[in-house]
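Read the structure below first, then the notes.
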Amino acid sequence: GAVVSQHPSWVICKSGTSVKIECRSLDFQATTMFWYRQFPKQSLMLMATSNEGSKATYEQGVEKDKFLINHASLTLSTLTVTSAHPEDSSFYICSGGPGAPNQPQHFGDGTRLSIL
Amino acid sequence: AQSVTQPDIHITVSEGASLELRCNYSYGATPYLFWYVQSPGQGLQLLLKYFSGDTLVQGIKGFEAEFKRSQSSFNLRKPSVHWSDAAEYFCAVGSNDYKLSFGAGTTVTVRA
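Line by line, the protein sequences give chains D and W. Taken in order, the first sequence gives residues 1 to 116; the numbers are from my numbering. Taken in order, the second sequence gives residues 1001 to 1112; the numbers are from my numbering.
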């Protein structure tokens, strides 16, 4: 089946630093990728839609300058949390798919981000 | 806009017993429906999906779900649970713009 690889799986860093999370589709081309944020014991909250070769579309309330998304190829999307602060600590998950609504999204294993 | 309701926050079931997780959706057109499972600290794994056709769909790990348009439901079932089925289960509805809306999730605990 389709595989999405997300890296790193866990990162701890100091407040004020920037953190980059990578999301790769290993065996399919993902024209569209999604970035979610998940708080403990809660559901997934869509942050943004990443489209290959164009600007990401952010959901209401998500700061585009805080969460930079780049989708430079059909197999790689990156999320950079800029000037991270403790309130940015969370579980971030990416997903990708061929871009058709009747095709399921495939999820990475998530990244646990802890900002000290 | 689409939405999903999972009425049960937490379900405890004995190993070997049957399991049913409820999901109700709201969507104006024909829905694309999914069930995903998440183990602690992991991403989501697709259990099954429904787009059209037979309203009873079979998935992986012995799970099945039934789409009932009249009830706007897509309940997930398993006849006999295993301890490894303990996890968080999410129902989701997809729209034509490929976005997914997730329910709040149901935590399943399996007791020996």
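In this text, a Cβ means the ideal position worked out from N, Cα and C, and glycines have one as well.
How would you list, in chain order, the residues of chain W whose beta-carbon sits under 8 Å from the beta-carbon of I93 of chain D?
G1043, L1044
Could you tell me the alpha carbon to alpha carbon distance between L1046 of chain W and F107 of chain D, rounded to whole angstroms?
9 Å
Using a Cβ distance threshold of 8 Å, determine whether the region 1100-1108 of chain W contacts the region 1058-1067 of chain W, with at least three qualifying pairs required.
no
Looking at chain W, is there any beta carbon in it that lies within less than 8 Å of the beta carbon of N102 of chain D?
yes
Can you grab the Cα-Cα spacing for the pair Q1042 of chain W / E63 of chain D, in whole Å?
25 Å
Give me the residue from D:L74, D:F91, D:N70, D:L46 with the minimum Cα distance to S9 of chain D.
D:F91
Under the three-state DSSP convention, the category Q29 of chain D falls into
coil
By Cβ distance, which residues of its chain are closer than 6 Å to L1044 of chain W, with the 5 residues on each side in sequence left out?
Y1036, Q1038
Beta-carbon spacing of P1018 of chain W, Q1002 of chain W below 8 Å:
For the record, residue 1018 of chain W in the displayed sequence is Ser; it is not Pro. No; because the gap between Cβ atoms is not below 8 Å, this pair is not in contact.
Looking at V1004 of chain W and V1093 of chain W, is the spacing between their C-beta atoms short of 8 Å?
yes
How about the region 21-40 of chain D and the region 74-87 of chain D: do they share at least three Cβ pairs that are nearer than 8 Å?
yes
Please report how far the alpha carbon of L1076 of chain W lies from the alpha carbon of D1008 of chain W, in whole angstroms.
12 Å
Distance cut-off 7 Å: V4 of chain D Cβ against heavy atoms of the ligand SAH
Absence of the ligand SAH from the depicted structure is noted, as is the absence of any ligand whatsoever, leaving it without description.
For I1009 of chain W, does the three-state DSSP call read helix, strand or coil?
coil
Cα separation between P86 of chain D and Y1089 of chain W?
28 Å
Chain D contact for A1104 of chain W (CB, 8 Å cutoff):
yes
Interface residues of chain W around S43 of chain D at Cβ under 8 Å?
F1090, F1102, G1103, A1104, G1105
Proximal residues of chain D, C-beta to C-beta of K1078 of chain W below 8 Å
Correct list: empty, because the minimum Cβ distance to chain D is about 19 Å.
Length of the line joining the Cα atoms of Q1071 of chain W and T1055 of chain W:
13 Å
Residues near F67 of chain D by beta carbon distance below 8 Å, same chain, minus five either side
W35, M47, A48, Y58, L79, T80, V81, T82
Can you name the residues that DSSP bridges to R1111 of chain W?
W:S1014
Closer than 9 Å by beta-carbon distance: list the chain W residues that pair up with L46 of chain D, in chain order.
K1099, L1100, S1101, F1102
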